[in-house]
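Report on one structure; see the data block that follows.
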Amino acid sequence: MSQSTIESKNKKEINNGKVPAKETILSPRFYTTDFEAMENMDLSINEEELEAICEEFRKDYNRHHFVRNSEFEGAAEKLDPETRELFVDFLEGSCTSEFSGFLLYKELSRRIKDKNPLLAECFAHMARDEARHAGFLNKSMSDFGLQLDLGFLTANKDYTYFPPRSIFYATYLSEKIGYWRYIAIYRHLEKNPDSKIFPLFNYFENWCQDENRHGDFFDALMKAQPRTVKSLSQKITIGGSTFTHPLFDYFHRFRYFLNNLPLTSKLWSRFFLLAVFATMYARDLGIKKDFYASLGLDAKDYDQFVINKTNETSARVFPVVLDVYDKSFYGRLDKIVDNNKILTDIASDDGNKVFKTFRKLPKYLSNGYQLLRLYLLKPLDSKDFQPSIR
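Set out below in structure tokens:
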């Protein structure tokens, strides 16, 4: 995520601006990938399913869903200052994340449309959805006299390069976890209407179906590209430059051999599942805990539900999933949350920077150890793990 600015509808506030959201390892980021590899993908293995999904995209079920109503009038003024701050922070992070998806999908659609029109059309439809989501969130921010400067984000974004395979894993999980997050909040607020702090949440039931369809697309795309999912890019990217020099040939061959072993896709599945789950858990039980409390949700119960459901859903496409039912799984994630709290306290203390670094080191090492133990936890084979998806 590049540093974002927020502009107010009030000119004075535009000049002063809101303090940009501090970038951390938990912040939404912007991604780029190997466009040449994407445009040359052969979809024939699963083209029929991809065409069916594209037809679903064309129907644009939510074309008329994101229309504001009278419930938004005066809703912002009803929030107390603390809840207001928590909710605006939620809006900012969500809008940035949706806009990040829009930029990636839009650029993919533009760059591959000549050689891979079906894939390009699917990405164009998903970019439409992400732009609609980001715009709707940004409009809600305007109710608070604030607005994300999306033009600034576009002009000043920093890219994180992911090869296509990593894009597939990461975006599939992002879309599916988004579905479970939104539907869980919607169902909770449906049962507890007094906890609905803003009318935005009324839109989550249909909204989450966009996320679900996007996830289904990446599911189908991975099935169409089994070798791409299992193998690393044949190129080396350093500082934005791509190298294909013959000197790298033997290295590429060895790396290609390793990554086509059946074991490799299992290792990558475990890596991305753990990375996504651990990041969400650390964020939600750390800096986002009070926001979920404002909705009447226990952040720990909420996250564990979302993780369990996303893990179950992922068994449909990944060869293995995490054993989130092992008694040590959430215990180790809780330890990371506790370590992060201590790290935050140390960072806010006055004192010598070198001394503070030494105080932080044991907690960083502990976090690394917990993640390693979680990664080495025996996974569940997806063929034997077929839970009911509700």
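Using full-length UniProt numbering, the first residue of the sequence shown is number 1, and each one after it goes up by one. The C-beta atom is built at its ideal place from N, Cα and C for all residues, glycine as well.
I'd like the list of long-range same chain contacts for residue i, defined as Cβ closer than 7 Å, with 5 residues on each side in sequence excluded.
{"i": "A131", "result": "F102"}
{"i": "F144", "result": "A76, R84 and V88"}
{"i": "G215", "result": "Y172, E175, K176 and Y179"}
{"i": "D384", "result": "none"}
{"i": "K113", "result": "A120"}
{"i": "E51", "result": "L118"}
{"i": "R270", "result": "V320, L322, Y375 and P379"}
{"i": "L43", "result": "L50, L118, L119 and A224"}
{"i": "K300", "result": "L285"}
{"i": "K106", "result": "A127"}
{"i": "N367", "result": "I336 and N339"}
{"i": "F90", "result": "F291"}
{"i": "L79", "result": "F87 and I197"}
{"i": "K363", "result": "N339, I342 and L343"}
Candidates the options: which alpha carbon is nearest residue i's?
{"i": "F66", "options": "T357, Y302, D210 and K353", "result": "D210"}
{"i": "A37", "options": "P164, N311, D349 and E82", "result": "P164"}
{"i": "S265", "options": "Y169, L295 and T32", "result": "Y169"}
{"i": "L285", "options": "A315, Y364, T154 and D334", "result": "D334"}
{"i": "L108", "options": "N212, G368 and T33", "result": "T33"}
{"i": "V88", "options": "C54, N138, C122 and E55", "result": "N138"}
{"i": "A134", "options": "E121, H125 and L150", "result": "L150"}
{"i": "K327", "options": "S100, F355, E312 and Q304", "result": "Q304"}
{"i": "S174", "options": "G351, R29 and A224", "result": "R29"}
{"i": "Y281", "options": "G331, Y161 and P226", "result": "G331"}
{"i": "E49", "options": "G351, T313 and F217", "result": "F217"}
{"i": "V306", "options": "N212, E51 and Y182", "result": "Y182"}
{"i": "E47", "options": "K360, A220, D350 and K363", "result": "A220"}
{"i": "A127", "options": "L153, F99, M222 and K113", "result": "F99"}
{"i": "F57", "options": "F162, S366 and C122", "result": "C122"}
{"i": "F329", "options": "N311, G351 and C208", "result": "N311"}
{"i": "D129", "options": "F318, S97 and Y369", "result": "S97"}
{"i": "Y31", "options": "I336, S314, F277 and Y159", "result": "Y159"}
{"i": "L365", "options": "G351, I336 and N352", "result": "I336"}
{"i": "R316", "options": "M222, V276, P362 and R283", "result": "M222"}
{"i": "D60", "options": "I45, A124 and D298", "result": "A124"}
{"i": "residue 405", "options": "C54, I167 and I45", "result": "Within the shown structure, residues of the chain are numbered from 1 to 390, placing residue 405 beyond reach of any answer."}
{"i": "E55", "options": "Y369, A224, R213 and G351", "result": "R213"}
{"i": "N69", "options": "L297, P199 and F318", "result": "P199"}
{"i": "N192", "options": "M41, V276, N156 and L297", "result": "L297"}
{"i": "W207", "options": "S94, G351, N367 and L79", "result": "S94"}
{"i": "R111", "options": "T154, F35, D42 and N40", "result": "F35"}
{"i": "F136", "options": "K309, R63, I45 and D338", "result": "R63"}
{"i": "Y161", "options": "G351, L104 and P226", "result": "L104"}
{"i": "P81", "options": "F277, I197, F318 and P226", "result": "I197"}
{"i": "F318", "options": "P226, N40 and L189", "result": "P226"}
{"i": "Y302", "options": "A184, T154, V354 and A155", "result": "A184"}
Near residue i, which residues of its chain fall below 8 Å by C-beta distance, leaving aside the five closest residues on each side in sequence?
{"i": "L274", "result": "L322, L371, L374 and Y375"}
{"i": "D349", "result": "K356"}
{"i": "R359", "result": "I346"}
{"i": "I53", "result": "C122, R213, D216, F217 and A220"}
{"i": "F272", "result": "S166, Y169, A170 and L173"}
{"i": "A278", "result": "L333, I336, L371 and L374"}
From the DSSP output, which residues share a beta bridge with residue i?
{"i": "T32", "result": "Y161"}
{"i": "V321", "result": "L380"}
{"i": "L200", "result": "BP columns for L200 are empty, so no partner."}
Just to confirm my understanding: we take residue i, look at its own chain, exclude 5 residues before and 5 after, and list those with CB closer than 6 Å. What are they?
{"i": "L295", "result": "S195"}
{"i": "K11", "result": "Bear in mind that a pLDDT of 34 at K11, under 50, signals an unreliable position, so the model cannot answer this."}
{"i": "E13", "result": "Annotation note: pLDDT 36 at E13 (below 50); position unreliable, coordinate value reported separately. Cβ within range, chain order: n/a, list empty."}
{"i": "P246", "result": "Because P246 carries a pLDDT of 46, less than 50, the predicted location of this residue cannot be relied on, and the following value inherits that uncertainty. Here the set comprises nothing."}
{"i": "Y369", "result": "none"}
{"i": "Y186", "result": "F204 and E205"}
{"i": "S314", "result": "V321"}
{"i": "residue 402", "result": "This structure cannot settle anything about residue 402, because the visible part of the chain is limited to 1 through 390."}
{"i": "E39", "result": "I112, K115 and N116"}
{"i": "N308", "result": "V324"}
Compute every distance between the C-beta of residue i and the non-hydrogen atoms of the ligand FAD, then say whether any falls below 6 Å.
{"i": "E121", "result": "Only the bare structure without any ligand can be found here, which leaves the ligand FAD out of the picture."}
Give a yes or no on contact between the region 309-329 and the region 372-385, applying the rule of three or more CB pairs nearer than 8 Å.
-> yes
Three-pair Cβ contact test at 8 Å for the region 70-83 versus the region 112-122 = no
Examine the Cβ distances between the region 290-309 and the region 342-350 and report whether three or more of them are shorter than 8 Å.
-> no
Taking the runs of the alpha helix (DSSP H) that are 4 residues or longer, which of them lie wholly in the region 60-145?
-> 81-112 and 117-142
Complete alpha helix (DSSP H) runs within the region 291-336 (minimum length 4 residues, chain order) | 299-314
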